[in-house]
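Presented below is the structure to which this report refers.
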């Protein structure tokens, strides 16, 4: 209820600038490898199919494991396909607010490793799959320790640290660091 004005404001800004849909939905991998639909406020322009013919399966295809030096690069704030409203909501992580619905549904937790796209988790080795032993979160240890600037190996290291050291104290530390980064608009992709 407290966030209703924020939800309404974000939705109105998306509608005014680029129309519908307001939400973006994507399949992600959750706890124990179970897939679910993650929701975000849409930050990119509605586009026609690009026609490149490349699928995610072509893009993310490693035979043994996801390489440590792999860096998943979401569209930067300078990308011309990101709307003006999208730049703002990404900078302050408002695009993630609809994931509170995922938390209420039980797909996600407030804190935990960020849910990965299926095409990447399909290539995990046993060590990388350990991050799937807890519910994914809206924020996590990796996000407050570099967020979009780290490679896959560093992200896994931080996620496994969280998995192996889960505690109320660590969760509070993550919440404080997240709030600080969001309010300052730091480390946004």
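Numbering (my numbering), first residue to last: 448 to 636. Note that beta-carbon positions come from the ideal geometry of N, C-alpha and C, so glycine has one too.
Using the C-alpha atoms, what's the distance from residue j back to residue i?
| i | j | result |
| --- | --- | --- |
| residue 516 | residue 605 | 15 Å |
| residue 462 | residue 493 | 11 Å |
| residue 472 | residue 486 | 5 Å |
| residue 501 | residue 507 | Confidence at residue 501 is low in this model, with a pLDDT of 47, below 50, so the placement of that residue should be treated as unreliable; the coordinate-derived value is given next. Each residue's alpha carbon lies about 11 Å from the other. |
| residue 579 | residue 480 | 6 Å |
| residue 612 | residue 620 | 12 Å |
| residue 460 | residue 467 | 11 Å |
| residue 525 | residue 543 | 19 Å |
| residue 596 | residue 455 | 31 Å |
| residue 438 | residue 557 | Residue 438 lies beyond the range of the chain shown here (448 to 636); nothing can be said about it. |
Inspect the beta-carbon positions of residue i and residue j and report whether they are closer than 7 Å.
| i | j | result |
| --- | --- | --- |
| residue 583 | residue 555 | yes |
| residue 488 | residue 453 | no |
| residue 598 | residue 469 | no |
| residue 559 | residue 490 | no |
| residue 581 | residue 550 | no |
| residue 538 | residue 632 | yes |
| residue 465 | residue 530 | yes |
| residue 536 | residue 575 | no |
Of the residues the options, which one's Cα is nearest the Cα of residue i?
| i | options | result |
| --- | --- | --- |
| residue 571 | 489, 506, 512 | 512 |
| residue 552 | 484, 506, 631, 459 | 484 |
| residue 627 | 586, 532, 602 | 586 |
| residue 546 | 534, 561, 596 | 561 |
| residue 589 | 563, 550, 478 | 563 |
| residue 624 | 612, 607, 593 | 593 |
| residue 450 | 591, 630, 557, 541 | 541 |
Output needed for residue i: all residues of its chain with C-beta closer than 8 Å, excluding positions within five of it in sequence on either side, in chain order.
| i | result |
| --- | --- |
| residue 482 | 474, 475, 476, 565 |
| residue 629 | 539, 540 |
What does DSSP give as the partner residue(s) for residue i in the beta ladder?
| i | result |
| --- | --- |
| residue 476 | 482, 563 |
| residue 488 | 470 |
| residue 593 | Per DSSP, none; premise fails for residue 593. |
| residue 586 | 558 |
| residue 529 | 491 |
Quick one: residues in its chain with C-beta nearer than 7 Å to the C-beta of residue i, no 5 flanking neighbours on either side, listed in chain order?
| i | result |
| --- | --- |
| residue 616 | none |
| residue 528 | 491, 492, 494, 522 |
| residue 608 | 588 |
| residue 577 | 607, 610 |
| residue 509 | 570 |
Any heavy atom of the ligand COA closer than 6 Å to the Cβ of residue i?
| i | result |
| --- | --- |
| residue 598 | In the structure shown, the ligand COA is absent, as is every other ligand, since no ligand is present at all. |
Within the same chain, show all residues whose beta-carbon is closer than 6 Å to that of residue i, passing over the 5 residues directly before and after it, in chain order.
| i | result |
| --- | --- |
| residue 573 | none |
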